[in-house]
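Inspection log for the structure reproduced underneath, given as structure tokens.
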Amino acid sequence: MNLHRAVQKLKERGLKLTPQRLEILKIVMEAGRPLTAREVMEAARATHPHISVDTVYRNLTVLTQCGLLNQVNLQNRESARFEYQGEDGHHHHFVCLECGKSFCVEWCPTATMHAVPAQDPGFRVLAHAFEVYGYCSRCQPSD
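Spelled out as structure tokens, the structure:
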């Protein structure tokens, strides 16, 4: 999804397109990795020097609720991060236990499994998360 289509999605939901909201969306879309709210705020201050942390959090929440962003809570990270959803709607991560760097998993392990527990056939799945932990090539421990 490009910026134009993301803006259309906001308009379809009746959400205002404030300069701050547009800037926050652009920052996360262009980052190529999950960002903390603080990282988003620091980047946004380049064009909106007085943007508050409350404004950033409020906009990240709105953009997440309308499906443009995904909140990611990676292990060994002190705070939630936000990433752009893209065309697929979701994806998963490889996470380095040493440096914390994350890489996107290009497939979804739940795509081929029956995602309803046998104990409760009426269970309705709304979302899922999948992370693979290990060491990136730079952080491999020496044996």
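For the sequence shown, the residue numbers in our numbering are 14 to 156. Ideal Cβ placement from N, Cα and C applies to all residues, glycine included. If you're wondering where the values come from, they're calculated on a predicted model, not measured in any experiment.
Distance CB(residue i)-CB(residue j) smaller than 8 Å
i: L81; j: I37; result: no
i: N83; j: T77; result: yes
i: Y70; j: L110; result: no
Residue nearest to residue i in terms of C-alpha spacing, selected from the options
i: I40; options: M54, Y70, G135; result: M54
i: E119; options: A131, R137, E144; result: E144
i: G113; options: S92, A59, P130; result: S92
i: C121; options: A142, P47, S155; result: A142
i: S150; options: V108, A59, G45; result: V108
i: T123; options: H104, F136, G135, A131; result: H104
Three-way DSSP call (helix, strand, coil) for residue i in this model
i: R51; result: helix
i: R94; result: strand
i: E43; result: helix
i: V118; result: strand
Euclidean distance between Cα positions of residue i and residue j
i: D133; j: H106; result: 28 Å
i: A19; j: I64; result: 22 Å
i: A140; j: R51; result: 26 Å
i: L30; j: C79; result: 13 Å
i: P62; j: K24; result: 26 Å
i: S115; j: R26; result: 31 Å
i: G45; j: F95; result: 11 Å
Bridge partners - residue i, DSSP secondary structure assignment
i: L82; result: Y97
i: C109; result: G147
i: S65; result: Looking at the DSSP assignment, S65 forms no beta bridge with any residue, so it has no partner.
Any non-hydrogen atom of the ligand COA closer than 7 Å to residue i Cβ
i: G135; result: This structure lacks the ligand COA; in fact it carries no ligand of any kind.
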